[in-house]
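Student: So that we are looking at the same thing, I have put the structure below in structure tokens.
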Amino acid sequence: MKIGVQTQNIIADTNPSEGFETLSRIGFSCADFSLNSYLKNTSIYESELNDFFTQPLSSLEQFFAPHKLGAEKAGIAVNQMHMPYPVYVPMGSSPLNEYLQKEVAPKSMEICHYFGCPYIVIHGFKLTHYLGTEQAEWEQTQQFIDSIAPMAKEMGITICIENLYDSVAGHLVEGPCCDVRKAVERIDRINEKYHAEVLGFCFDTGHANLVGIDYESFITALDYRLKVLHIHDNDGIDDLHQIPFTFTRTRENKSSTDWDGFLQGLRNIHFDKTLSFETAPVINAFPEQLKLDALSFIFKIGAYFSHSVQMGIGADIEGTSTE
Amino acid sequence: MNIICAPAGIVGRENPRQGVTDISAAGFRDMLLDMSLYCTPAKLEKGEKESLEGNQELAALLNHCSKNNICTHVAYAPYLMRHTKHNNTSMIMTQVSEMGIKTAAQSGCQYIVIRPLFAGIPDKDLWKANHEYYLRLADTAKENDMMILLENQCKNKNGHLLRGACSDAVSAAEWVDQLNREVGGERFGFCMDAGVCSICGQNMYDFIHALGDRLKTVILRDCDGSHESALLPFTCANQGRPQTDWLNLIRGLREIFFDGQLILNIKDTATSFPPVLRSGLLAMVKSVADYFEWQIEIERVLRKYPSRVLFGAGNMCRNYMKCYGETYPPLYTCDNNKGLWGEMFCGLEVKNPESLRDLDRDCAVIICNIYYKEIEAQLRQMNIKNPIEYFNDEHMPSFYFDRIKRDVWNGGQR
């Protein structure tokens, strides 16, 4: 099983090769390309857009050519990518939302294709407050998916919807795509419509932990529709994107996140794709001198996960391959 | 809808008189028969099963309830701690719950909330274990003419509360239906604990929608979404807003025309208040309960009249028309602002309130303005005899993305 990590805070635009070489040296073979870091969500919500995605596609490809080359030379596959989000701002202006959906999103698809990346993760719209129901909210998200699905089909890309959270006065509650029954039905219906696997699922462990979702049953229900992972940990209160096994809530100091359930779920569905960590904040949290150690530790957890999924939880890890 | 006050934190076990009197004085006419106060989780953990039958403290409580004209429609059976160390609890909990059913029936209860078994049971076996458990209890429930209510639970993962048994409402509804099919009648229903939903970050609208009329009771309690406390609703606030998703709870209960038992559990708020302030607190609790009842029943009120007119031509009227205008169309709206008379607003003619004198007697006047009492007084002064109801748009089925500023719509956006 391959192990990957988010590129944000690791790959520098000034010398992308160096970062990819570092990942390779540590043992990673995949990368989750943080395309969203070029147009941050905080900026979008503030309507403070940069001009990155206004560039013509040729310029964007030129910009990312060193990244692509660096990854290839280091033997790192860009297996998944995160589209900038949100692509719809409820109180935003029409030009803003039009720009996000008609310019940023299609160009993200093109960049994904340029990297030869098979999966792009999107965020569903957060509109239940206004529209009243999750179903009405989903219909808006589906319209957006329909707008990029033909590109996905043509390019051989699977768009992945992700389980998200929403905030009720700072209390994080379930957001789009937290109902696995609905997710399964919608993915199947849309793929049937396009006669292609244009839609899949990205399971985010941290977001699921925030809203108490049962990992094993959720993943088992997703089955083959689960294409990519966002692995990270938190305290069940805030979306911290930290290293798995970091958080405990009792004096016994056992992990308060159900990692065994996560691994069992992956084992149930014979998951054989990439164990990808969405842990960019970890890299910033540690001092410069310890960043590589932190990355190495994340990789080791990935190796443990890989072994556990393949051999069973608690199986002796000695002498096993992580590939 | 029946409003019920939970006694935890208010009524003393050894001396229930004052607490029951306070509950009654606040205007509550129903109290939860919470058996866990007499057969406590802590004692069950130690294997000390206290008998409810012939329990003098419980008898004293019921006696005081009777003296204060307080009913007990709903009982809550004893339960185990979420972090219980016990593994095999089926037999002990069957005994405890059967005892609870009998005691509840003798106390005049119609419903008893019995939590599902969970201790030592793998998730995949929860239904099997509980299927057997509840069917065992069904006979006792039938003999005593009681309905057993299953309840949504969280489970303890090393101190972190995650979704547990019956927290998936679709599965829970299937459990209830299957049990009822097997016993050949409506012997089982559901109790929704809004606090558990909040801890598990669940969309309460979807939760309620999935359960529909299986939902017989709803427990309202506030918490921070992380710790299992029972606070007065709207008190757990951050950034000036409540941290529990009351909007979706009200949306859901309104949509299913909930007409069951609404239980206020404010154990932690009540316990933390100085006793001398308790009567004031309980008056506030009653007001909060009444507020929920009003919000939940808004659509039920609209549909009970054959025709209606609105009073008010502002955002509340606009929201009425967005969410209810099609199903419950008003004849027109009226407003005290002379400048609006004769204009159209959201498809309604804005009339002089004097027009209300010509209404049919059974046509309701729905006030769409927060100056409810002043407007009602104005209408009564005009000798309007029609029913008057208060509409409110704080918890609407959906919202506009914007609000009209008066000067904007005065300028022609109608």
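Line by line, the protein sequences give chains A and B.
Under the working numbering, the letters of the first sequence match residues 1 to 323, in that order.
Under the working numbering, the letters of the second sequence match residues 324 to 737, in that order.
Cβ atoms here follow ideal geometry from the backbone N, Cα and C, with glycine treated the same way.
1) Would the stretch 326-338 of chain B and the stretch 582-601 of chain B be scored as touching if the rule is three or more Cβ pairs under 8 Å?
2) Would you call the CB atoms of lysine 273 of chain A and valine 228 of chain A closer than 8 Å?
3) Can you tell me which residues form a DSSP beta bridge with phenylalanine 201 of chain A?
4) Is the Cβ-Cβ distance between methionine 740 of chain B and glutamate 455 of chain B less than 8 Å?
5) So, at 6 Å on beta carbons, what are the nonlocal neighbours of aspartate 725 of chain B in its own chain, with the 5 sequence-adjacent residues on each side left out?
6) Any C-beta of chain B sitting closer than 8 Å to the C-beta of valine 211 of chain A?
7) Give me whichever residues DSSP pairs with cysteine 686 of chain B in a beta bridge.
8) By Cβ distance below 7 Å, which residues in the same chain neighbour valine 184 of chain A in space, the five residues on each side in sequence not counted?
9) Less than 8 Å between the beta carbons of leucine 473 of chain B and glutamate 505 of chain B, yes or no?
10) Would isoleucine 689 of chain B and glutamate 712 of chain B qualify as a contact pair, given that the criterion is a beta-carbon distance under 8 Å?
11) Evaluate glutamate 137 of chain A with the Cβ neighbour count: other Cβ atoms within 10 Å of its Cβ, from every protein chain shown; 16 or more gives buried, anything less gives exposed.
12) Is it true that the stretch 657-674 of chain B meets the stretch 605-624 of chain B, where meeting means three or more beta-carbon pairs spaced less than 8 Å apart?
13) Whose Cβ in chain A lies nearer than 7 Å to the Cβ of leucine 484 of chain B?
14) Out of B/Ser359, B/Asp345, B/Ala383, state which residue places its alpha-carbon closest to the alpha-carbon of cysteine 337 of chain B.
15) Write down every uninterrupted run of the beta strand (DSSP E) in the stretch 210-265 of chain A whose length is 3 residues or greater and which is fully enclosed by it, in chain order.
16) With 8 Å as the C-beta to C-beta threshold (strictly closer), list the residues of the stretch 566-581 of chain B near chain A in chain order.
17) Assuming glutamine 476 of chain B and arginine 438 of chain B make a contact with CB atoms under 8 Å, what is their CB distance in whole Å?
18) Taking the runs of the beta strand (DSSP E) that are 3 residues or longer, which of them lie wholly in the stretch 454-486 of chain B?
19) Leaving out five residues on either side along the sequence, give the residues of the same chain with a beta carbon under 8 Å from the beta carbon of serine 321 of chain A.
20) Which residue marks the beginning of the alpha helix (DSSP H) containing aspartate 32 of chain A, and which one marks its end?
21) In the structure shown, what three-state DSSP assignment does methionine 81 of chain A receive?
22) Tell whether a beta-carbon distance below 8 Å holds between glycine 212 of chain A and leucine 485 of chain B.
23) Establish whether the CB of aspartate 239 of chain A and some CB of chain B are separated by less than 8 Å.
24) Who are the near neighbours of phenylalanine 245 of chain A in its chain, counting only those whose CB is closer than 8 Å to its CB and skipping five residues on each side?
25) From this set, B/Ala517, B/His483, B/Leu555, B/Ala331, which residue's C-alpha is nearest arginine 251 of chain A's C-alpha?
26) Is it the case that the stretch 135-151 of chain A contacts the stretch 542-552 of chain B, given that we only count it when at least three CB pairs across the two stretches are under 8 Å?
27) With H, G and I counted as helix, E and B as strand and the rest as coil, what does DSSP make of phenylalanine 580 of chain B?
28) Within the stretch 640-703 of chain B, note down every full beta strand (DSSP E) run reaching 3 residues or more, in order along the chain.
29) Can you list, in chain order, the stretches of the beta strand (DSSP E) that have 3 or more residues and sit fully within the stretch 99-164 of chain A?
30) Within its chain, find whatever has a CB closer than 7 Å to the CB of cysteine 657 of chain B; leave out the 5 residues flanking it on each side and keep chain order.
31) Which residues does DSSP list as the beta-bridge partners of tyrosine 713 of chain B?
32) Using the DSSP secondary-structure output, state which residues sit across from isoleucine 435 of chain B in a beta bridge.
33) With 9 Å as the limit, tell me which residues of the stretch 694-725 of chain B have their beta carbon closer than that to any beta carbon of chain A; keep them in chain order.
34) Taking the straight line between their C-alpha atoms, what separation do you get for isoleucine 3 of chain A and phenylalanine 28 of chain A?
35) Counting beta carbon pairs with one atom in the stretch 114-129 of chain A and one in the stretch 62-82 of chain A, are three or more of them shorter than 8 Å?
36) Is the Cβ of glutamine 736 of chain B closer than 8 Å to any Cβ of chain A?
Tutor: Reading from the atomic positions:
1) yes
2) Position 273 of the first sequence holds residue 273 of chain A. Position 228 of the first sequence holds residue 228 of chain A. Yes; because the gap between Cβ atoms is below 8 Å, this pair is in contact.
3) Locating residue 201 of chain A in the first sequence gives position 201, where the first residue counts as 1. A/Ile161, A/Leu226, per the DSSP bridge assignment.
4) Outside the shown range of chain B, which is 324 to 737, sits residue 740 of chain B, and nothing can be said about it.
5) Within the second sequence, residue 725 of chain B is the residue found at index 402, counting from 1. Nothing meets the Cβ criterion.
6) Translated into positions along the first sequence, residue 211 of chain A becomes position 211. Yes - at least one Cβ of chain B is within 8 Å of the one on valine 211 of chain A.
7) Within the second sequence, the letter at position 363 stands for residue 686 of chain B. Cysteine 686 of chain B pairs with B/Ser630.
8) Residue numbering aside, residue 184 of chain A sits at position 184 when the first sequence is read from its first letter. Counting only Cβ-Cβ distances below 7 Å, and skipping sequence neighbours, we find Ala221, Leu222, Arg225.
9) Indexing the second sequence from 1 puts residue 473 of chain B at position 150. Indexing the second sequence from 1 puts residue 505 of chain B at position 182. Not a contact, by the Cβ cut-off of 8 Å.
10) Taking the second sequence and counting its residues from 1, one reaches residue 689 of chain B at position 366. Taking the second sequence and counting its residues from 1, one reaches residue 712 of chain B at position 389. The answer is yes: Cβ separation under 8 Å.
11) Stepping through the first sequence from its first residue, residue 137 of chain A is reached at position 137. The residue in question, glutamate 137 of chain A, is buried, as its Cβ has 16 or more Cβ neighbours within 10 Å.
12) no
13) Numbered from its first residue, the second sequence carries residue 484 of chain B at position 161. Neighbours of leucine 484 of chain B on chain A, chain order: Gly212.
14) What you label residue 337 of chain B is simply residue 14 of the second sequence in a count that begins at 1. In the sequence on display, residue 337 of chain B carries glutamate and not cysteine. Checked all of B/Ser359, B/Asp345, B/Ala383; the closest Cα to glutamate 337 of chain B is B/Ala383.
15) 226-230
16) Gln566, Thr567, Asp568, Leu570, Asn571, Arg574
17) Position 153 of the second sequence, counted from the first residue, corresponds to residue 476 of chain B. Position 115 of the second sequence, counted from the first residue, corresponds to residue 438 of chain B. That pair is a contact at about 6 Å.
18) 470-474, 477-480, 483-486
19) For this step, residue 321 of chain A is matched to residue 321 along the first sequence. Confidence is the limiting factor: at serine 321 of chain A the pLDDT is only 45, short of 50, which leaves the residue's position unreliable, though a coordinate-based value still follows. Once the five neighbours on either side are set aside, serine 321 of chain A has no close Cβ partner at all.
20) One-based indexing of the first sequence puts residue 32 of chain A at position 32. Unbroken run through aspartate 32 of chain A is the beta strand (DSSP E), 30-33; no alpha helix (DSSP H).
21) Numbered from 1 along the first sequence, position 81 holds the residue referred to as residue 81 of chain A. Three-state result, methionine 81 of chain A: strand.
22) One-based indexing of the first sequence puts residue 212 of chain A at position 212. One-based indexing of the second sequence puts residue 485 of chain B at position 162. In this structure, leucine 485 of chain B lies closer than 8 Å to glycine 212 of chain A by Cβ.
23) By 1-based counting over the first sequence, the position of residue 239 of chain A is 239. So, not an interface residue.
24) One-based indexing of the first sequence puts residue 245 of chain A at position 245. Around phenylalanine 245 of chain A: Asp233, Ser255, Thr257, Trp259, Ile301.
25) In the first sequence, counting from the first residue as 1, residue 251 of chain A sits at position 251. Among B/Ala517, B/His483, B/Leu555, B/Ala331, the Cα nearest to that of arginine 251 of chain A is on B/His483.
26) no
27) Residue mapping note: residue 580 of chain B aligns to position 257 of the second sequence, counting from 1. If DSSP states are grouped into helix, strand and coil, phenylalanine 580 of chain B belongs with coil.
28) 671-674, 686-690
29) 119-122, 158-162
30) On the second sequence, position 334 is the one that residue 657 of chain B refers to. Same-chain partners within the cutoff: Val632, Phe634, Val673, Lys674, Asn675, Pro676, Ser678, Leu679.
31) Residue numbering aside, residue 713 of chain B sits at position 390 when the second sequence is read from its first letter. B/Ile690.
32) Position 112 of the second sequence, counted from the first residue, corresponds to residue 435 of chain B. Answer by DSSP bridge pairing, in chain order: B/Ala398, B/Ile471.
33) Met719, Pro720, Ser721, Phe722, Tyr723, Phe724, Asp725
34) Sequence index remark: in the first sequence, residue 3 of chain A carries index 3 (1-based). Sequence index remark: in the first sequence, residue 28 of chain A carries index 28 (1-based). Approximately 5 Å, taken between the alpha carbons.
35) yes
36) On the second sequence, position 413 is the one that residue 736 of chain B refers to. Only weak support exists for where glutamine 736 of chain B lies, its pLDDT of 40 falling under 50; the coordinates are left without a value.
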